[in-house]
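**Student:** Mind having a look at this structure? Questions to follow.
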Amino acid sequence: MRELDQDELIDRWTLVGDELGLVATKRGPAKIGFALMLRFYTEKGRFPRGRSEIHDDAVEYVARQIGVEGTEIAFYDFTGRTSKAHRAQIRQALGFRECSVADAEALTGWLVDNIAQAQRGIDAVRDHVLARCRVEKIEPPTGGRVDRIVRSALSLGEERLFERVSSRLKGEVADRMFALISDAEAEEDGSAVFAAIRSDPGTVSLNTMLAEIAKLEAVRAVGLPADVFADISPKIVAAWRARASVESPSHLRRHAPQVVLTLLAALLHCRSRELTDTLVELLIATVHRINARAEVRVTNQLIKEFKRVTGKENLLFRVAEATVEAGDKLVRDTVFPVAPQAVLRDLVAEFKTSGPTHQRTVKATLKGSYTNHYRAGLIKLLSVLEFRSNNTAHRPVLDALELIGRHASGALRYFPIEETIPAHRGVSADWRELVYQTDKHGKQRVVRMVYEVCTFQALRDQLRCKEIWVVGADRWRNPAEDLPADFEERRVEHYEALRKPLDATAFITAMQAEMRAELDALHTALPKCDWLEIKDRKSGAIKLTPVPKQPEPTNLRKMKRAIRTRWGQVPLIDIVKETVLRTGCLKSLTSVADRGVMPEDVLAERLLLGLYAYGTNSGIRSVAGGGHGHSEEDIRYVRRRYLTPEAAHRIAIEIANATFRVRRASVWGEGSTAVASDSTHFRSWDQNIFTEWHSRYGGRGVLIYWSVEKGSVVIHSQRINCSASEVHAMIEGAVRHGTEMRVESNYVDSHGQSEIGFGITKLLGFDLLPRIKRINKCKLYRPAAGESGLWPGLGPVMTRPIRWELIAEQYDQMVKYATAIRTGTASTEAILRRFMKANATHPTYQAMIELGRAQKTIFLCRYLRSRELQREIEEGLNVIESWNRANSVIYYGKTGELSSNRADEQQLSVQCLRIVQASLVYVNTLMIQDLIDDPDTGEVLVTAADKRGVTPLFWEHVLPYGEVKLNMTNRLTLSGG
Numbered sequence: 000m001r002e003l004d005q006d007e008l009i010d011r012w013t014l015v016g017d018e019l020g021l022v023a024t025k026r027g028p029a030k031i032g033f034a035l036m037l038r039f040y041t042e043k044g045r046f047p048r049g050r051s052e053i054h055d056d057a058v059e060y061v062a063r064q065i066g067v068e069g070t071e072i073a074f075y076d077f078t079g080r081t082s083k084a085h086r087a088q089i090r091q092a093l094g095f096r097e098c099s100v101a102d103a104e105a106l107t108g109w110l111v112d113n114i115a116q117a118q119r120g121i122d123a124v125r126d127h128v129l130a131r132c133r134v135e136k137i138e139p140p141t142g143g144r145v146d147r148i149v150r151s152a153l154s155l156g157e158e159r160l161f162e163r164v165s166s167r168l169k170g171e172v173a174d175r176m177f178a179l180i181s182d183a184e185a186e187e188d189g190s191a192v193f194a195a196i197r198s199d200p201g202t203v204s205l206n207t208m209l210a211e212i213a214k215l216e217a218v219r220a221v222g223l224p225a226d227v228f229a230d231i232s233p234k235i236v237a238a239w240r241a242r243a244s245v246e247s248p249s250h251l252r253r254h255a256p257q258v259v260l261t262l263l264a265a266l267l268h269c270r271s272r273e274l275t276d277t278l279v280e281l282l283i284a285t286v287h288r289i290n291a292r293a294e295v296r297v298t299n300q301l302i303k304e305f306k307r308v309t310g311k312e313n314l315l316f317r318v319a320e321a322t323v324e325a326g327d328k329l330v331r332d333t334v335f336p337v338a339p340q341a342v343l344r345d346l347v348a349e350f351k352t353s354g355p356t357h358q359r360t361v362k363a364t365l366k367g368s369y370t371n372h373y374r375a376g377l378i379k380l381l382s383v384l385e386f387r388s389n390n391t392a393h394r395p396v397l398d399a400l401e402l403i404g405r406h407a408s409g410a411l412r413y414f415p416i417e418e419t420i421p422a423h424r425g426v427s428a429d430w431r432e433l434v435y436q437t438d439k440h441g442k443q444r445v446v447r448m449v450y451e452v453c454t455f456q457a458l459r460d461q462l463r464c465k466e467i468w469v470v471g472a473d474r475w476r477n478p479a480e481d482l483p484a485d486f487e488e489r490r491v492e493h494y495e496a497l498r499k500p501l502d503a504t505a506f507i508t509a510m511q512a513e514m515r516a517e518l519d520a521l522h523t524a525l526p527k528c529d530w531l532e533i534k535d536r537k538s539g540a541i542k543l544t545p546v547p548k549q550p551e552p553t554n555l556r557k558m559k560r561a562i563r564t565r566w567g568q569v570p571l572i573d574i575v576k577e578t579v580l581r582t583g584c585l586k587s588l589t590s591v592a593d594r595g596v597m598p599e600d601v602l603a604e605r606l607l608l609g610l611y612a613y614g615t616n617s618g619i620r621s622v623a624g625g626g627h628g629h630s631e632e633d634i635r636y637v638r639r640r641y642l643t644p645e646a647a648h649r650i651a652i653e654i655a656n657a658t659f660r661v662r663r664a665s666v667w668g669e670g671s672t673a674v675a676s677d678s679t680h681f682r683s684w685d686q687n688i689f690t691e692w693h694s695r696y697g698g699r700g701v702l703i704y705w706s707v708e709k710g711s712v713v714i715h716s717q718r719i720n721c722s723a724s725e726v727h728a729m730i731e732g733a734v735r736h737g738t739e740m741r742v743e744s745n746y747v748d749s750h751g752q753s754e755i756g757f758g759i760t761k762l763l764g765f766d767l768l769p770r771i772k773r774i775n776k777c778k779l780y781r782p783a784a785g786e787s788g789l790w791p792g793l794g795p796v797m798t799r800p801i802r803w804e805l806i807a808e809q810y811d812q813m814v815k816y817a818t819a820i821r822t823g824t825a826s827t828e829a830i831l832r833r834f835m836k837a838n839a840t841h842p843t844y845q846a847m848i849e850l851g852r853a854q855k856t857i858f859l860c861r862y863l864r865s866r867e868l869q870r871e872i873e874e875g876l877n878v879i880e881s882w883n884r885a886n887s888v889i890y891y892g893k894t895g896e897l898s899s900n901r902a903d904e905q906q907l908s909v910q911c912l913r914i915v916q917a918s919l920v921y922v923n924t925l926m927i928q929d930l931i932d933d934p935d936t937g938e939v940l941v942t943a944a945d946k947r948g949v950t951p952l953f954w955e956h957v958l959p960y961g962e963v964k965l966n967m968t969n970r971l972t973l974s975g976g
């Protein structure tokens with residue numbers, strides 16, 4: 000247990016008023032036992048189950064108050080007759096009573112009416128039971144009885160929800176829903192439609208787009224009321240959707256009609272939003288692909304003709320001179336002698352590859368690709384997606400889409416002359432020559448196909464920054480819905496949660512003072528910093544020498560050999576098993592399908608095998624062939640019903656928390672508040688919408704973004720696509736990791752930082768500490784105007800003052816966006832889409848950029864003058880790089896490729912890899928601590944370099960390959976945990 004501070008002892012364990020009188024009549028062990036039970040009951044609303052529930056510090060504190068030795072508590076029997084009499088006296092004194100049958104029934108009814116229809120988590124509902132008992136002055140029942148009350152209330156509450164939802168689904172709507180899961184022999188069409196609705200999208204293509212449109216139309220054809228879940232918690236709807244997703248039609252048919260209708264409604268409701276999101280992403284990706292492929296096609300064609308001409312300026316001068324002096328002579332007699340025809344041909348080809356001609360050729364090729372192939376899908380999208388905007392500046396794009404929809408059919412070359420053609424930003428100078436053409440009557444007309452291409456490109460740009468949004472979407476919904484609805488009513492509370500002043504002026508004044516202090520510190524330290532040089536140069540004003548290497552640890556290899564000698568080569572499955580048994584991380588797992596009747600020990604073994612199969616990428620079929628007595632079908636059943644990405648995420652959090660609890664400060668230091676974040680590229684199957692080809696990685700795949708604490712404990716992982724911003728992934732990991740750790744700083748590489756990143760992390764209250772690749776090009780901003788004479792030594796790197804007036808105007812709006820990220824009203828990615836370069840004119844974007852520049856200036860001043868900070872960031876990033884290296888050792892199956900096109904399968908693989916690797920860190924932590932405690936081993940961490948370099952992330956003693964042999968009774972000999 001952690002130590003209790005003085006405030007906690009005074010607040011929770013001080014005897015006051017009548018309590019002292021009750022205690023005064025007791026003697027010896029009875030006195031201290033009674034006093035401790037009295038205070039415990041007053042705070043917790045229940046009696047302690049034994050001595051282990053009372054902290055030693057509390058025992059000593061209470062003993063001093065009543066004049067009894069703390070050691071007397073050892074003679075008090077918490078289960079004896081004296082204790083029973085004390086309980087009755089305490090209940091009477093505090094006005095509490097034991098829980099009767101009638102009380103239990105009343106508690107169940109209260110839960111059904113007030114809690115169980117809004118919250119479905121057992122732990123949360125149990126907390127409400129205990130809180131209600133305190134309000135009603137009822138002593139909480141035993142743990143088993145409380146669980147029975149909670150489960151009964153949850154069951155009755157769900158029945159009421161089923162009745163409420165099904166009552167809204169009557170007549171033809173209900174008939175169409177039942178038809179989706181009707182007997183396949185009788186209704187083949189319904190079964191096929193249901194299977195299609197539940198399927199994932201394929202790769203970005205016209206066929207995929209048309210298939211997803213058909214799915215969305217099938218979902219809408221059911222006619223589900225828009226408000227069917229208006230008063231139901233989104234988490235409850237998501238849980239029902241998960242049940243409907245894993246059950247086959249035959250299993251669904253076995254439920255009562257109201258259950259079937261509710262589960263199917265949840266599935267259709269969620270799939271409608273997911274399909275809408277998918278179609279928006281397909282639109283964005285398709286328009287990008289049309290343009291990219293046109294660029295490649297034209298470039299490849301021109302490369303064949305391209306030959307760079309050297310000395311163009313001299314050549315053109317000689318041609319001009321010869322032409323001026325030639326008079327009326329022929330070209331071949333005048334020009335060709337000074338510039339041969341072949342050289343002029345190469346010069347023309349070079350101009351075509353780099354000048355306006357190249358761009359016009361790309362546009363023409365793009366228009367042909369759109370017209371001949373992609374137009375069918377994009378035009379059909381306009382009939383199923385409804386686009387809107389909250390900004391009148393983007394109304395022309397929406398008007399253009401309406402115009403395109405009206406004239407989608409037919410073979411018109413030009414739009415009708417009587418139509419008013421909206422002018423929008425998509426019709427740029429590069430496109431204007433192709434969009435506007437003169438017809439045979441000499442009138443300027445708008446070419447329909449080219450205008451459509453321009454409009455779709457403008458739509459893509461505005462969708463990506465959510466200036467245009469889509470009705471019925473989730474990630475691409477109205478951006479106003481991403482912000483907290485209660486911000487105005489709870490403004491003070493939200494500002495306090497972010498630890499920010501309500502007054503923008505106070506915030507700005509503090510920022511300016513911090514900037515001046517850091518600029519002063521850097522300017523003063525600059526002459527003493529032999530690693531730093533600031534002066535005017537073309538390559539950039541800042542020249543920073545690398546951090547010198549630190550001494551190598553001398554005893555870490557000895558420590559690893561000792562571990563291998565003591566425990567031998569440990570199979571990886573045994574490491575995962577030991578972690579599961581010691582942390583109890585599987586106990587809270589319940590069936591997604593809510594039909595959990597499997598024995599707990601059997602379920603645990605099959606879950607463990609499923610975790611191992613996905614975490615190593617060896618696959619369920621391979622794992623099922625090992626020595627454990629579970630078939631492939633058994634493991635697949637458990638995976639389908641129990642092992643979801645969300646469940647695996649919860650398991651990983653419990654392992655991380657368990658690792659924090661078993662670590663000793665004497666070995667690992669005090670608890671860290673810093674994490675390092677970076678991504679790893681994984682090759683993956685490409686028949687899905689998420690996999691991308693990226694030149695940076697030289698192939699197709701996805702990114703796994705890790706957030707790892709300095710002691711190698713992973714606190715968050717997520718799958719992102721290769722073109723996604725790593726800034727939003729970094730913030731997601733720091734804010735929504737869910738572990739007991741408090742993140743106060745985050746180390747990232749260059750890809751994980753930006754000026755927007757600096758701004759939003761400042762508002763969220765943690766430090767962004769990046770290793771900036773092109774630091775020589777960075778600039779320092781001034782805190783205010785009129786201070787050009789200050790900091791002369793920093794002159795070459797200084798630039799303009801921060802525009803504080805923008806920050807002042809948008810301060811409240813920026814805090815609102817930060818609150819949305821903190822409270823989770825929308826994903827971090829969805830919120831940060833508002834801060835893309837395509838939206839650079841948005842005032843909040845401009846203010847956030849200015850705030851980021853101010854915070855980046857503060858960071859750069861600290862970083863440049865402090866070798867300690869530079870080394871700290873390097874060491875933090877070394878941790879994440881070691882974590883990435885371990886991925887290839889753990890995730891060895893199928894050459895490390897994500898071998899599924901299903902989104903949930905890929906996400907589960909990511910979470911299970913995190914679990915397996917976290918298990919390795921947990922067990923290695925215990926092994927190192929046991930080794931240090933063993934007097935026969937001797938000192939293993941002798942030097943300061945050894946203590947600095949020790950890490951629980953190593954695998955020389957691990958056997959990741961071979962037959963999977965699972966024996967739950969064969970344990971590793973470890974003392975901790």
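Heads up: the sequence shown begins at 0 in numbering that gives the first Met the number 0, then just goes up one per residue.
No residue lacks a Cβ here, since even glycine has one placed at the ideal position from N, Cα and C.
1. Among the candidates N113, R833, S244, whose CA atom is the shortest distance from the CA of Y816?
2. What first and last residue would you give for the alpha helix (DSSP H) that runs through E631?
3. With burial defined as no fewer than 16 other Cβ atoms inside 10 Å of the residue's Cβ, what is the status of Y960: buried or exposed?
4. Beta strand (DSSP E) containing T798: first to last residue?
5. Using C-beta distances below 6 Å, list every residue in its chain close to P200, excluding the 5 sequence neighbours before and after it, in chain order.
6. How would you write the range of the beta strand (DSSP E) that K542 sits in, first residue to last?
7. With DSSP collapsed to three states, give me the class of M967.
8. Compare the C-alpha of S388 against each of V426, Y450, E466 and name the closest.
9. Which of the three DSSP states, helix, strand or coil, is assigned to L458?
10. Could you tell me which whole beta strand (DSSP E) segments of length 3 or greater appear in the stretch 659-731?
11. In chain order, what residues of the same chain have a beta carbon less than 6 Å from the beta carbon of A284, not counting five sequence neighbours either side?
12. Under 8 Å Cβ to Cβ from V145, same chain only, skipping five residues before and after it: list those, please.
13. With C911 and G614 assumed to form a contact (beta carbons below 8 Å), what rounded beta-carbon distance in angstroms separates them?
14. With a cut-off of 8 Å, do at least 3 Cβ pairs link the stretch 745-760 to the stretch 673-684?
15. Measure the alpha-carbon distance for V172 versus S271 and round it to whole angstroms.
16. Does the structure place the stretch 860-872 close enough to the stretch 565-578 that three or more beta carbon pairs sit under 8 Å?
17. Mind reading off the beta-carbon distance from A34 to V61? Whole number of angstroms is fine, and I expect it under 8 Å.
18. Beta carbon of I703, beta carbon of R718: below 8 Å?
19. N883 lies in the beta strand (DSSP E); which residues open and close that run?
20. Nearest-angstrom Cα distance between E632 and N886?
21. Taking only three categories from DSSP, how would you classify S744?
22. Roughly how many angstroms lie between the CA atoms of A505 and L768, to the nearest whole one?
23. By alpha-carbon positions, which one of D174, G756, N966, P951 ends up nearest to Q854?
24. At the level of alpha carbons, what is the spacing between V149 and A105?
25. Should G409 be labelled buried (16 or more other beta-carbon atoms within 10 Å of its own) or exposed?
26. Could you check the C-alpha separation between F177 and A225 for me, to the nearest Å?
27. Does the count of Cβ pairs from the stretch 4-15 and the stretch 36-49 closer than 8 Å reach three?
28. Given this structure, state the Cα-to-Cα distance separating R640 from E599, to the nearest angstrom.
29. With DSSP as the reference, identify every bridge partner of T437, one or two as the case may be.
30. With contact counted as at least three CB pairs below 8 Å, one residue from each stretch, are the stretch 694-701 and the stretch 871-887 in contact?
31. Over the uninterrupted beta strand (DSSP E) stretch that includes P769, give me the two end residues.
32. Which partner residues of R781 appear in the DSSP bridge assignment?
**Tutor:** Looking at the atomic coordinates:
1. On the sequence shown, residue 816 is found 817 positions in, with the first residue counted as 1. Closest option to Y816, Cα to Cα, is R833.
2. The residue given as residue 631 occupies position 632 in the sequence shown. That run of the alpha helix (DSSP H) goes 631-640.
3. On the sequence shown, residue 960 is found 961 positions in, with the first residue counted as 1. With fewer than 16 Cβ atoms within 10 Å of its Cβ, Y960 is classed as exposed.
4. For the purposes of this step, residue 798 is taken as residue 799 along the sequence shown, with counting starting at 1. Here the beta strand (DSSP E) through T798 covers 797-800.
5. For the purposes of this step, residue 200 is taken as residue 201 along the sequence shown, with counting starting at 1. The residues are T207, E211, T277, I688.
6. In the sequence shown, the residue the question calls residue 542 occupies position 543. Here the beta strand (DSSP E) through K542 covers 541-543.
7. In the sequence shown, counting from the first residue as 1, residue 967 sits at position 968. Coil.
8. To locate residue 388, count along the sequence shown from 1; it is residue 389. Selected option, being the one with the closest Cα: E466.
9. For this step, residue 458 is matched to residue 459 along the sequence shown. L458 falls in the helix class under three-state DSSP.
10. 673-681, 691-693, 698-708, 713-719
11. One-based indexing of the sequence shown puts residue 284 at position 285. Closer than 6 Å at Cβ, skipping near neighbours: V203.
12. Indexing the sequence shown from 1 puts residue 145 at position 146. The residues are R125, V128, L129, P139.
13. The sequence position of residue 911 within the sequence shown is 912, counting from 1. The sequence position of residue 614 within the sequence shown is 615, counting from 1. Between G614 and C911 the Cβ distance is about 4 Å, and since that is below 8 Å, they are a contact.
14. yes
15. Against the sequence shown, residue 172 aligns to sequence position 173. Against the sequence shown, residue 271 aligns to sequence position 272. One C-alpha to the other measures close to 16 Å.
16. no
17. Within the sequence shown, the letter at position 35 stands for residue 34. Within the sequence shown, the letter at position 62 stands for residue 61. The pair is a contact, with the Cβ atoms about 5 Å apart (cut-off 8 Å).
18. Counting from one through the sequence shown, the residue named residue 703 turns up at place 704. Counting from one through the sequence shown, the residue named residue 718 turns up at place 719. In contact: I703 and R718 (Cβ atoms closer than 8 Å).
19. Numbered from its first residue, the sequence shown carries residue 883 at position 884. Looking at the DSSP string, N883 is not in any beta strand (DSSP E); the run it does join, the alpha helix (DSSP H), is 866-889.
20. Within the sequence shown, numbered from 1, the residue matching residue 632 stands at position 633. Within the sequence shown, numbered from 1, the residue matching residue 886 stands at position 887. If I take the Cα positions, the gap works out to 28 Å.
21. If you number the sequence shown from 1, residue 744 lands on position 745. Strand.
22. Here residue 505 corresponds to residue number 506 of the sequence shown, with the count starting at 1. Here residue 768 corresponds to residue number 769 of the sequence shown, with the count starting at 1. When rounded, the distance between both Cα atoms is 25 Å.
23. Position 855 of the sequence shown, counting from 1, holds the residue named residue 854. Checking every option, the nearest Cα to that of Q854 belongs to G756.
24. Position 150 of the sequence shown, counted from the start, is the residue given in the question as residue 149. Position 106 of the sequence shown, counted from the start, is the residue given in the question as residue 105. Cα to Cα, the separation comes out at about 12 Å.
25. The count along the sequence shown starts at 1 and reaches residue 409 at position 410. Exposed: under 16 other Cβ atoms inside 10 Å.
26. Taking the sequence shown and counting its residues from 1, the one referred to as residue 177 is at position 178. Taking the sequence shown and counting its residues from 1, the one referred to as residue 225 is at position 226. Distance between the alpha carbons of F177 and A225 is about 19 Å.
27. yes
28. Along the sequence shown, one-based indexing puts residue 640 at 641. Along the sequence shown, one-based indexing puts residue 599 at 600. Using only the alpha carbons, I get a separation of about 14 Å.
29. Within the sequence shown, the letter at position 438 stands for residue 437. Q443, per the DSSP bridge assignment.
30. no
31. Residue numbering aside, residue 769 sits at position 770 when the sequence shown is read from its first letter. Note, P769: beta strand (DSSP E), 766-769.
32. As a working mapping, residue 781 is identified with position 782 in the sequence shown. According to DSSP, which records beta bridges pairwise, R781 is partnered with P800.
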